[in-house]
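Chemist:
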Amino acid sequence: MGQIKLLQGNEACAEGALYAGCNFFGGYPITPSTEVAEYLARRLPLIGGVFLQMEDEIAAMAAVIGGALAGCKALTATSGPGFSLKQENMGFAMLTEIPCVIVNVMRGGPSTGVPTGPGQSDIMQCKWGTHGDHPVICLTPAYVQEIFSETVRAFNLSEKYRTPVIIAFDEIVGHMRERIEIPDKGVLPVVNRTKPTCKPSEYLPYDDSKGDVPPMANFFEGYRYHVTGLNHGPDGFPVNASPRIHTDELRLMRKVEANKAEIIKYEEYLLADAEVAVFAYGVSGRSAKTAVEEARAQGIKAGLFRPLTIWPFPEEQVADLSKRVKGIVVPELSLGQIIFEVDRCAKGRCRIEGIYRVDGDPITPAQILAKVKEVK
Amino acid sequence: MAFNYDQYIRGGKLPHIWCPGCTYGIVFKSILRVIDSMKLNRDDIAMVSGIGCASRLPGYVDFNTLHTTHGRALGFATGLKMAKPDKHVMVVSGDGDATAIGGNHFIHACRRNIDIKVLVFNNFIYGMTGGQYSPTTPSGHLATTMPYGNVDPSFNIPELAKGSGATWVGRGTAYHAAGLDRLITEVMQHKGLSVLEIINACPTTHGRRNKFKSPTDMLVWMKDTFIPAVAFDKLPPEKTAGKFPMGVLYKKEGVPEYCETYYAMAERVRKQKEGRA
Numbered sequence: 172m173g174q175i176k177l178l179q180g181n182e183a184c185a186e187g188a189l190y191a192g193c194n195f196f197g198g199y200p201i202t203p204s205t206e207v208a209e210y211l212a213r214r215l216p217l218i219g220g221v222f223l224q225m226e227d228e229i230a231a232m233a234a235v236i237g238g239a240l241a242g243c244k245a246l247t248a249t250s251g252p253g254f255s256l257k258q259e260n261m262g263f264a265m266l267t268e269i270p271c272v273i274v275n276v277m278r279g280g281p282s283t284g285v286p287t288g289p290g291q292s293d294i295m296q297c298k299w300g301t302h303g304d305h306p307v308i309c310l311t312p313a314y315v316q317e318i319f320s321e322t323v324r325a326f327n328l329s330e331k332y333r334t335p336v337i338i339a340f341d342e343i344v345g346h347m348r349e350r351i352e353i354p355d356k357g358v359l360p361v362v363n364r365t366k367p368t369c370k371p372s373e374y375l376p377y378d379d380s381k382g383d384v385p386p387m388a389n390f391f392e393g394y395r396y397h398v399t400g401l402n403h404g405p406d407g408f409p410v411n412a413s414p415r416i417h418t419d420e421l422r423l424m425r426k427v428e429a430n431k432a433e434i435i436k437y438e439e440y441l442l443a444d445a446e447v448a449v450f451a452y453g454v455s456g457r458s459a460k461t462a463v464e465e466a467r468a469q470g471i472k473a474g475l476f477r478p479l480t481i482w483p484f485p486e487e488q489v490a491d492l493s494k495r496v497k498g499i500v501v502p503e504l505s506l507g508q509i510i511f512e513v514d515r516c517a518k519g520r521c522r523i524e525g526i527y528r529v530d531g532d533p534i535t536p537a538q539i540l541a542k543v544k545e546v547k
Numbered sequence: 010m011a012f013n014y015d016q017y018i019r020g021g022k023l024p025h026i027w028c029p030g031c032t033y034g035i036v037f038k039s040i041l042r043v044i045d046s047m048k049l050n051r052d053d054i055a056m057v058s059g060i061g062c063a064s065r066l067p068g069y070v071d072f073n074t075l076h077t078t079h080g081r082a083l084g085f086a087t088g089l090k091m092a093k094p095d096k097h098v099m100v101v102s103g104d105g106d107a108t109a110i111g112g113n114h115f116i117h118a119c120r121r122n123i124d125i126k127v128l129v130f131n132n133f134i135y136g137m138t139g140g141q142y143s144p145t146t147p148s149g150h151l152a153t154t155m156p157y158g159n160v161d162p163s164f165n166i167p168e169l170a171k172g173s174g175a176t177w178v179g180r181g182t183a184y185h186a187a188g189l190d191r192l193i194t195e196v197m198q199h200k201g202l203s204v205l206e207i208i209n210a211c212p213t214t215h216g217r218r219n220k221f222k223s224p225t226d227m228l229v230w231m232k233d234t235f236i237p238a239v240a241f242d243k244l245p246p247e248k249t250a251g252k253f254p255m256g257v258l259y260k261k262e263g264v265p266e267y268c269e270t271y272y273a274m275a276e277r278v279r280k281q282k283e284g285r286a
């Protein structure tokens, strides 16, 4: 039996990180994510971990990557404007394959926007925020318990695939308090990066000959190697105008693409016989669940598809869904972002209807129910 | 016997990218001589850089090397050092990298007095991108983005470091190579944030547009312009116009080092908690 606690989402995120072995946090204060930092500022020193409040979001991301390269499991947490600032260094971690976890507690935007209100309008930035082609894993929990377990999973995926993992939830679930159970140690799996076993003189940090995820040596452990944000060869040194750049970038994408079956996670609720589906994540997914139950009570065959992994996008699942339903309703706290992905996968096979809201309040079950009735 | 630089240079990684006449090679060799003289275990050394000509140096040396994003080397280095406080973490940076895009990180690393050794290669210009003015380009100098003469006032890097809280600050030049060995040795021995500004020459993008007819002229300018601090301080003002002091410019012992302070705090609260339990 684990520990029962009443926690807010941001605190559960910090607890999840600690469960996964996080021993390094680098951050900068920003609403509505600050409680992640505050919680870890109290906890990390007690376990000999590092807590750093850096001079800005950029430095916080840099410190996290440095800590991770030195062998730590490292986390940062931010929100809209801070997430924008971190993007360049996030791309660095993607290209150099340094595992770390970035939490984005989404608020309204652009610019300062609505710092204290929820938003889901960073969801495309999660995918495309840094420049260039790059692999992205982004998880979207909707419940405090889920924030805990998905944070553990984020660290595991990050370590396993040597890539940064983003956790994107909104202000409402970040600040909502719910009862959660923190499982005993060993109940949830905890994954650590694979280290090289070869002699240091034979170590090639980006050697793809034995698989898409090369073993990672930590700095200061005898494997002296070079890490650069330039495109690089198997030995880590820069290459220019080489076919290697193309094949290596394909490999980076493949680390995620070829492992979608493990990475993609979702909840299907009352979908088996549904005629209308709602595709919703985060707080909108919670409203959608209530809306679907209400619709069922009124005799409408509605169901919910709630992604816990938004990137890579559950393309096959949405394509399959589009073959089975008359329409898919997509509520999101933006002016319409993830609906384009749903539409892309549905390929015109069913009606796609969005519900958009950016006034700082969540989309209500009544709004969703009305749209479900319209689509039916 | 001549010093064997090859023992520290990664096989097959030379020639370097630096132009003929660039003085970075002089500094590069000085760093290797110092590290060798200190008998440091190279597994324990991390050299971190940002973007620019100087930032390519880590690629050539056989340490743990990290070539990061523009201006951010100190953020990455802070992460490494906090994670492994017993290791030696060095940053090599240029004037633009350290004091323009990286200026915020520079002053805050100084303020923390974290034990990172910062070598700022000041060549007064953005060389890699072809000669744009930097925060240290002298006023009136020509740069591709100051085609009518630089109107931007410039930073004095040692003063900036001192004012921000660095506990060891010095200035050397590529011309005064023997002195550079002594200064880099002090940098490596100091416990705390140390900043060494190293005056360098970029004949390709700075010198040739600014009346230096050859790379040698730029070295002669260093010889004539930089005066040992002890002598500089004794000169009357009329003799120091246009000149700058070099050597150890500021040193403060006994200031708590950041990692030590942090881990002492962590140890204290852990013991308090155990005591309560």
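Each protein sequence line maps, in turn, to chains A and B.
The opening position of the first sequence corresponds to residue 172 in my numbering, with each subsequent residue numbered one higher.
The opening position of the second sequence corresponds to residue 10 in my numbering, with each subsequent residue numbered one higher.
Just so it is clear, CB atoms sit at the ideal spot from N, CA and C, and this is done for glycine as well.
Small disclaimer: the values here were computed from a predicted structure and weren't measured.
Please compile the residues from chain A whose C-beta is within a distance smaller than 7 Å of the C-beta of residue 130 of chain B.
Modeler: None at all; the shortest Cβ gap to chain A is about 18 Å.
Chemist: Let me make sure I understand the geometry here. Which of A:197, A:358, A:486 and A:390 has the alpha-carbon closest to that of residue 173 of chain A?
Modeler: Here the closest residue by C-alpha is A:358.
Chemist: Verify whether the separation of the beta carbon atoms of residue 221 of chain A and residue 194 of chain A is less than 8 Å.
Modeler: Yes, the pair counts as a contact, with Cβ atoms nearer than the cut-off.
Chemist: Would you list, in chain order, the members of the segment 182-198 of chain A that have their beta-carbon closer than 7 Å to a beta-carbon of chain B?
Modeler: Residues 195 and 197.
Chemist: Relative to the C-alpha of residue 177 of chain B, which residue among B:231, B:197 and B:35 is closest?
Modeler: It is B:197.
Chemist: From A:410, A:394 and A:437, pick the residue whose C-alpha is nearest to that of residue 72 of chain B; which is it?
Modeler: The candidate whose alpha carbon is nearest that of residue 72 of chain B is A:394.
Chemist: I'd like to know if residue 66 of chain B contacts chain A, where contact means its C-beta is closer than 8 Å to some C-beta of that chain.
Modeler: It does not; no Cβ of chain A falls within 8 Å.
Chemist: Just to make sure I have the definition right: I need the residues of chain A whose C-beta is within less than 9 Å of the C-beta of residue 164 of chain B. Which are they?
Modeler: Here the premise fails: no neighbours, minimum Cβ distance about 18 Å.
Chemist: Could you give the uninterrupted runs of the alpha helix (DSSP H) lying entirely in the segment 448-509 of chain A, keeping only those of 4 residues or more?
Modeler: Listed in chain order, they are 453-468 and 486-495.
Chemist: Report, in whole angstroms, the separation of the C-beta atoms of residue 518 of chain A and residue 446 of chain A, which I expect to be a contact under 8 Å.
Modeler: Not quite, the Cβ-Cβ distance comes to about 19 Å (not below 8 Å), so this is no contact.
Chemist: Kindly indicate the opening and closing residues of the beta strand (DSSP E) around residue 358 of chain A.
Modeler: Note, residue 358 of chain A: premise wrong, no beta strand (DSSP E); not H, not E.
Chemist: Short of 6 Å in beta carbon distance, which residues of its chain neighbour residue 448 of chain A, apart from the five on each side in sequence? Order them along the chain.
Modeler: Only 474, 476, 492, 496 and 499 meet the Cβ criterion.
Chemist: Thinking C-alpha only, which one of A:465, A:226, A:424 and A:505 is nearest residue 379 of chain A?
Modeler: Nearest of A:465, A:226, A:424 and A:505 to residue 379 of chain A, Cα basis: A:424.
Chemist: Counting only beta-carbon separations shorter than 8 Å, does residue 96 of chain B have a partner in chain A?
Modeler: So, interface residue.
Chemist: Which residue spans inside the segment 100-158 of chain B form an unbroken alpha helix (DSSP H) run of at least 4?
Modeler: Correct list: 104-108 and 112-121.
Chemist: On the criterion of 16 or more Cβ atoms from any shown chain inside 10 Å, does residue 29 of chain B qualify as buried, or is it exposed?
Modeler: Classification for residue 29 of chain B: exposed.
Chemist: Is the Cβ-Cβ distance between residue 195 of chain B and residue 179 of chain B less than 8 Å?
Modeler: The answer is yes: Cβ separation under 8 Å.
Chemist: Does residue 248 of chain B get closer than 8 Å to chain A when you measure Cβ to Cβ?
Modeler: Residue 248 of chain B does not count as touching chain A.
Chemist: Can you tell me whether DSSP reads residue 414 of chain A as helix, strand or coil?
Modeler: Residue 414 of chain A: helix per DSSP, three-state reduction.
Chemist: Closest to residue 187 of chain B by C-alpha separation, out of B:21, B:39 and B:27, would be which residue?
Modeler: Checking every option, the nearest Cα to that of residue 187 of chain B belongs to B:39.
Chemist: Could you check how far apart the C-beta atoms of residue 59 of chain B and residue 77 of chain B are, in whole angstroms? I think they sit under 8 Å.
Modeler: Yes, residue 59 of chain B and residue 77 of chain B are in contact; Cβ-Cβ is about 6 Å, under 8 Å.
Chemist: Check the Cβ of residue 265 of chain A against every Cβ in chain B and list those closer than 8 Å, keeping chain order.
Modeler: Residues of chain B passing the Cβ test: none, with the nearest at roughly 12 Å.
Chemist: Using a threshold of 8 Å, state whether the C-beta atoms of residue 49 of chain B and residue 123 of chain B are closer than that.
Modeler: Not in contact: residue 49 of chain B and residue 123 of chain B (Cβ atoms no closer than 8 Å).
Chemist: Please classify residue 346 of chain A: does DSSP put it in a helix, a strand, or coil?
Modeler: Helix, per DSSP.
Chemist: Out of A:278, A:298, A:529 and A:527, state which residue places its alpha-carbon closest to the alpha-carbon of residue 346 of chain A.
Modeler: Nearest option by C-alpha distance: A:278.
Chemist: From which residue to which residue does the alpha helix (DSSP H) around residue 237 of chain B run?
Modeler: Element bounds for residue 237 of chain B: not the alpha helix (DSSP H) but the beta strand (DSSP E), 235-237.
Chemist: Do residue 253 of chain A and residue 338 of chain A have their C-beta atoms within less than 8 Å of each other?
Modeler: Not closer than 8 Å, so no.
Chemist: Please confirm if the segment 216-226 of chain B is in contact with the segment 104-120 of chain B, defined as three or more CB-CB distances below 8 Å between the two stretches.
Modeler: Flag = no, the segment 216-226 of chain B and the segment 104-120 of chain B do not touch.
Chemist: Apart from the five residues on each side of it in sequence, which residues of its chain come closer than 6 Å, Cβ to Cβ, to residue 234 of chain A?
Modeler: Only 197, 223 and 225 meet the Cβ criterion.
Chemist: Of all the residues that make up the segment 228-255 of chain A, which are near chain B by a beta-carbon distance shorter than 7 Å?
Modeler: Taking 7 Å as the Cβ-Cβ cut-off against chain B, the residues of the segment 228-255 of chain A that qualify are 229, 230, 233, 234, 235, 236, 237, 238, 240, 241, 242 and 243.
Chemist: Per DSSP, residue 75 of chain B is paired with what?
Modeler: According to DSSP, which records beta bridges pairwise, residue 75 of chain B is partnered with A:398 and B:57.
Chemist: When we look at the beta-carbon of residue 238 of chain A and count the other beta-carbons within 10 Å, is it buried (16 or more) or exposed?
Modeler: By the 10 Å Cβ count, residue 238 of chain A comes out buried.
Chemist: Is there a Cβ from chain B that is less than 8 Å from the Cβ of residue 391 of chain A?
Modeler: With 8 Å as the cut-off, residue 391 of chain A counts as an interface residue toward chain B.
Chemist: Spell out whether any CB of chain B is found under 8 Å from the CB atom of residue 305 of chain A.
Modeler: Not closer than 8 Å to any Cβ of chain B, the Cβ of residue 305 of chain A fails to qualify, so no.
Chemist: Which residue from B:53, B:162 and B:143 puts its Cα closest to that of residue 80 of chain B?
Modeler: Selected option, being the one with the closest Cα: B:143.
Chemist: Judging by CA-CA distance, which residue of B:165, B:132, B:160 and B:254 is the nearest neighbour of residue 240 of chain B?
Modeler: For the residues B:165, B:132, B:160 and B:254, the minimum Cα distance to residue 240 of chain B belongs to B:254.
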